[in-house]
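Here the numbering used here is used: the first residue of the sequence shown is 2, the next is one more, and so on.
Backbone N, C-alpha and C define an ideal beta-carbon position, used for all residues, glycine too.
Report on one structure; see the data block that follows.
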Amino acid sequence: MLSGIPAASALLFALSSPTLAAFCSDSGGRYDEWKPLMAQEARAAGVGERGIQALMGTSYSKATISADRNQKSFKYSLDKFMQVRGADTIVKQARSRKAKNADFYASIERQYGVPAGVLLAIHGMETAFGNYMGDTNVVSAIATLSYDCRRSDFFTPHLIAALVMVDRGSISPKSIGAKHGELGHTQFLPGNALRYGVDGNGDGKVDLNNMTDALASTANFLRQKGWQPGQGYQEGQPNFAVIREWNAAKVYQQAIAIMGGRIDG
Numbered sequence: 002m003l004s005g006i007p008a009a010s011a012l013l014f015a016l017s018s019p020t021l022a023a024f025c026s027d028s029g030g031r032y033d034e035w036k037p038l039m040a041q042e043a044r045a046a047g048v049g050e051r052g053i054q055a056l057m058g059t060s061y062s063k064a065t066i067s068a069d070r071n072q073k074s075f076k077y078s079l080d081k082f083m084q085v086r087g088a089d090t091i092v093k094q095a096r097s098r099k100a101k102n103a104d105f106y107a108s109i110e111r112q113y114g115v116p117a118g119v120l121l122a123i124h125g126m127e128t129a130f131g132n133y134m135g136d137t138n139v140v141s142a143i144a145t146l147s148y149d150c151r152r153s154d155f156f157t158p159h160l161i162a163a164l165v166m167v168d169r170g171s172i173s174p175k176s177i178g179a180k181h182g183e184l185g186h187t188q189f190l191p192g193n194a195l196r197y198g199v200d201g202n203g204d205g206k207v208d209l210n211n212m213t214d215a216l217a218s219t220a221n222f223l224r225q226k227g228w229q230p231g232q233g234y235q236e237g238q239p240n241f242a243v244i245r246e247w248n249a250a251k252v253y254q255q256a257i258a259i260m261g262g263r264i265d266g
């Protein structure tokens with residue numbers, strides 16, 4: 002169960018500029034040497050024994066490194082990107098999903114101010130509406146990216162968050178996600194899951210593999226990042242800047258805005 006968002010925020014703030022004791026490497030050869038050093042950092046950040054055991058049980062993920070080095074689609078033109086990602090299919094399916102569950106999407110918009118089109122575009126883009134949520138061990142993926150030199154400072158706080166989630170029982174050492182350790186229907190990195198995850202269906206826990214929790218959490222993320230209810234989200238409009246908070250790639254941002262506009266009609 003995810004709880005204590007203020008504590009989570011404090012944790013991630015404390016980790017934003019750590020004095021790293023663990024080294025990084027561009028190959029997997031020293032990964033087993035790195036793990037106990039990272040475990041010391043994790044303990045200092047408040048991670049308990051379940052989280053530490055999860056870290057020590059990880060393995061270097063070659064699949065994660067391969068995916069991290071080959072994100073080719075973000076270099077496409079907008080038209081090519083939307084073609085490759087199946088934008089027309091996403092829009093068609095999203096319109097059908099919105100029509101069949103209009104009250105649900107309306108309730109999210111009432112609470113967070115985020116319209117259905119944006120949420121459905123993200124849901125379709127990230128996991129084909131939950132049909133594919135990944136095939137990679139979450140903790141191993143995040144740990145590998147923390148160990149890897151390319152973006153170690155960015156991923157280390159997400160690793161600590163993942164270990165905290167293991168401590169709390171929100172995920173397990175065997176949880177499966179995407180190649181970069183993203184979780185659930187809309188692919189939250191663990192630090193964002195810990196900070197912005199909400200219990201959308203009222204069952205007392207946050208489960209991003211549950212569609213209701215995932216979409217409510219996505220809307221909460223966007224609202225907390227500055228979404229202005231009732232304002233536009235196309236490029237040049239106020240809320241387009243918030244879409245940039247979800248994904249750093251310009252072509253992705255443009256695609257979400259365009260698809261969202263088509264879905265909302």
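Candidates D265, L190, I66 and E34, of which the one nearest R151 by Cα: I66
Touching by the beta-carbon criterion (3+ pairs, under 8 Å), the region 157-168 and the region 93-110: no
Residue nearest to V139 in terms of C-alpha spacing, selected from D89, D208, L121 and A179: A179
Status (buried if at least 16 other CB within 10 Å, exposed otherwise) for N221: buried
heavy atom of the ligand MN below 8 Å from S171 C-beta: With respect to the ligand MN, the structure shown offers nothing to examine, as it has no ligands at all.
A142 and S218 closer than 9 Å at C-beta: no
Cross-strand partners of I177 (DSSP beta bridge): N138
Paired residues, beta bridge with F189 - DSSP: L184
Other residues of its chain near G29: CB distance less than 6 Å, five sequence neighbours each side excluded: Excluding the 5 residues flanking it on each side, G29 has same chain C-beta neighbours closer than 6 Å at Y61, in chain order.
Nonlocal neighbours in the same chain, by C-beta distance under 7 Å from D200, ignoring five residues either side: The residues are K206, V207 and D214.
Selection from T157, G231 and W247 that minimises the alpha carbon distance to T187: Scanning T157, G231 and W247 for the CA closest to the CA of T187 turns up W247.
Check whether M260 and V92 have beta carbons under 9 Å apart: yes
Straight-line gap, A156 to L146 (C-alpha atoms, nearest Å): The displayed chain sequence assigns Phe, not Ala, to residue 156. Cα to Cα, the separation comes out at about 6 Å.
Burial state of S10, where buried means 16 or more other Cβ atoms lie within 10 Å: Because S10 carries a pLDDT of 44, less than 50, the predicted location of this residue cannot be relied on, and no value is offered for it.
Local Cβ density within 10 Å of L16, reported as buried at 16 or more and exposed below that: Residue placement at L16 is poorly supported in this model, since its pLDDT is 47, which falls under 50; the coordinates still yield a value, given next. When all chains shown are included, L16 counts as buried.
Cβ neighbour criterion (16 or more within 10 Å) applied to E183: buried
DSSP-derived helix/strand/coil call for D204: coil
Presumed contact (8 Å Cβ cut-off) between M134 and G185, rounded CB distance: 6 Å
9 Å Cβ cutoff met for F189 and L209: Between F189 and L209, the C-beta gap is smaller than 9 Å, which places the two residues in contact.
Boundaries of the alpha helix (DSSP H) in which I172 is found, first to last residue: Per DSSP, I172 belongs to no alpha helix (DSSP H) and is neither H nor E.
DSSP state of S28 mapped onto helix, strand, coil: coil
Runs of alpha helix (DSSP H) wholly within the region 88-163 (minimum 4 residues, chain order): 88-101, 103-113, 117-128 and 139-148
Backbone CA spacing between Q238 and Y197 [nearest angstrom]: 24 Å
Simplified DSSP assignment, three categories, for P37: Helix, per DSSP.
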